[in-house]
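> There's a structure below that I have some questions on.
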Amino acid sequence: VTGMEILIGYPDWISNQTFLETIHYSGELSEGEAFIKIYSLLETHRQKQMILYDQNKITIDPWEAVFAPHVPLNAVYNYQLNVVGIPLKAFIPPYYQTTWPLPMKYGGIGSIIAHEITHGFDSQTTIQWNNEDLELFEERRECMMDQYDKYGRFNGSLEVNGKLTFNENVADNVGLQIAYKAHLNNWKSARTEFPVAGIDITSDQMFFISFAQMRCFKYEKEALEATFYGDFQTYSPPDFRALGSIQNTHEFYEAFQCPQRPETMCRYW
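Next comes the structure, spelled out in structure tokens:
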């Protein structure tokens, strides 16, 4: 964590036309040439650059590694450079709004940033762990994979794959829990509730509602199937991303004074 770099917003070179021309495809395009082909060329170039970086043959500007050849729409984590990138798109509703109360900001953009930081400790980084840590990791991974395997839609015709979505599920869970701790630390120092006109709601409840609101989507069955299911799924469907994380967070049940809790709660940390 101490060596992690967090990039927020956009790089200075975004308005440098000369630099942009050096990283973008500048050849002649034939009529009807697909955008995806151009994007593929750019992505191939980026991957080659990262291979050369791994071989210590070149140095790479973190901004270029994360935000070139295109500025991503979503927050990202770069495993090779240990860099988190948070683009401007993450600073709009339902993630962030300057006029929002602090608990909503922590539940929104706070959990997004914590999500990306957590990727520095998911299954792609276990090569650096000792045997004791690996044993605990395997035990907790099984718990979370089993949990998400039970989620599905349309009478089980669409099922979440807990193994394929594991790293993103971990980042969602731990990101929520880290963001909550940050919110709690702020509340302890400020001791301030944030009343909303006409709504009887606590700061903790506001935090969790903000987190869940980020995953509020509406999909047709065909779009849901094409986007979140199959052999290449990376993310759980949005509602299960919220449900799975909240299900494993003790503080949620306390905030809403829930009379019942699940028998098993999977905690990565």
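All you need for this note's numbering is the position in the sequence shown, starting with 1, plus 556. Beta carbons are placed, not taken as given, at the ideal position from N, Cα and C, and that holds for glycine.
#1: According to DSSP, is N729 helix, strand or coil?
#2: List the DSSP bridge partners of N630.
#3: According to DSSP, is I616 helix, strand or coil?
#4: Under the three-state reduction of DSSP, which class applies to S565: helix, strand or coil?
#5: How big is the Cα-Cα spacing for I673 and K777?
#6: Determine the direct distance from the alpha carbon of V716 to that of R819, and round the result to whole angstroms.
#7: Excluding the five sequence neighbours on either side, which residues of its own chain have a C-beta within less than 6 Å of the C-beta of D637, listed in chain order?
#8: Does the contact criterion of 3 or more C-beta pairs under 8 Å hold for the segment 688-707 versus the segment 765-781?
#9: Kindly provide the ranges of any alpha helix (DSSP H) runs that are 4 or more residues long and lie completely inside the segment 683-739, ordered along the chain.
#10: Could you tell me which of D610, N630 and V639 sits nearest to L563, measuring between CA atoms?
#11: T721: buried (16+ other C-beta within 10 angstroms of its C-beta) or exposed?
#12: On the CB-based measure, 16 or more other CB atoms within 10 Å of its CB, does Q813 come out buried or exposed?
#13: Based on Cα-Cα distance, which residue from I616, Q703 and H671 lies nearest to E535?
#14: Taking the continuous beta strand (DSSP E) assigned at I642, which residues delimit it?
#15: Since A735 and S792 should fall inside the 8 Å C-beta cutoff, what is the C-beta to C-beta distance between them, to a whole number of angstroms?
#16: Under a Cβ-count criterion, where at least 16 other Cβ atoms within 10 Å of its own Cβ denotes burial, should Y635 be classed as buried or exposed?
#17: Within the continuous alpha helix (DSSP H) that includes R797, where are the two ends?
#18: In angstroms, rounded to a whole number, what distance separates the CA positions of Y652 and A727?
#19: Would you check if the segment 762-774 and the segment 653-665 touch, i.e. whether three or more CB-CB distances between them fall below 8 Å?
#20: Can you tell me whether I765 is helix, strand or coil according to DSSP?
Taking the structure as given:
#1: What you label residue 729 is simply residue 173 of the sequence shown in a count that begins at 1. Looking at N729 - three-state DSSP - the assignment turns out to be helix.
#2: In the sequence shown, residue 630 corresponds to position 74, counting from 1. Partner(s): none; N630 has no beta bridge.
#3: Within the sequence shown, residue 616 is the residue found at index 60, counting from 1. Three-state DSSP puts I616 in coil, outside helix and strand.
#4: Here residue 565 refers to the residue found at position 9 when the sequence shown is read from its first residue. For the record, residue 565 in the displayed sequence is Gly; it is not Ser. DSSP places G565 in strand when its eight states are reduced to three.
#5: As a first step, residue 673 must be located in the sequence shown, where it is residue number 117. As a first step, residue 777 must be located in the sequence shown, where it is residue number 221. Going from the Cα of I673 to the Cα of K777 covers about 32 Å.
#6: To locate residue 819, count along the sequence shown from 1; it is residue 263. To locate residue 716, count along the sequence shown from 1; it is residue 160. According to the sequence as given, residue 819 is Glu; it is not Arg. Per the coordinates, the alpha-carbon of E819 lies some 21 Å from the alpha-carbon of V716.
#7: Here the question's residue 637 lines up with position 81 in the sequence shown. Correcting the residue type first, residue 637 is Leu in the shown sequence and not Asp. Within the same chain, L637 has close Cβ partners P618 and A621.
#8: At 8 Å Cβ cutoff, the stretches do not touch.
#9: Fully enclosed alpha helix (DSSP H) runs of 4 or longer: 687-705.
#10: Locating residue 563 in the sequence shown gives position 7, counting from the first residue. Looking at the Cα atoms, V639 is the closest of the given residues.
#11: Taking the first residue of the sequence shown as 1, we reach residue 721 at position 165. So T721 counts as buried.
#12: Counting from one through the sequence shown, the residue named residue 813 turns up at place 257. Result: exposed.
#13: In the structure displayed, the chain extends from 557 to 825; residue 535 sits before or after that span and is not available.
#14: Counted from its first residue, the sequence shown places residue 642 at position 86. From DSSP, the beta strand (DSSP E) with I642 extends over V639 to P643.
#15: Counted from its first residue, the sequence shown places residue 735 at position 179. Counted from its first residue, the sequence shown places residue 792 at position 236. About 18 Å separates the Cβ atoms of A735 and S792, ruling out a contact at the 8 Å cut-off.
#16: Position 79 of the sequence shown holds residue 635. With fewer than 16 other beta carbons inside 10 angstroms of its own, Y635 counts as exposed.
#17: Translated into the one-based positions of the sequence shown, residue 797 becomes position 241. That run of the alpha helix (DSSP H) goes P794 to Q803.
#18: What you label residue 652 is simply residue 96 of the sequence shown in a count that begins at 1. What you label residue 727 is simply residue 171 of the sequence shown in a count that begins at 1. Those two C-alpha atoms are separated by around 19 Å.
#19: These segments touch.
#20: Here residue 765 refers to the residue found at position 209 of the sequence shown. Residue state for I765 is assigned as helix, using DSSP reduced to three classes.
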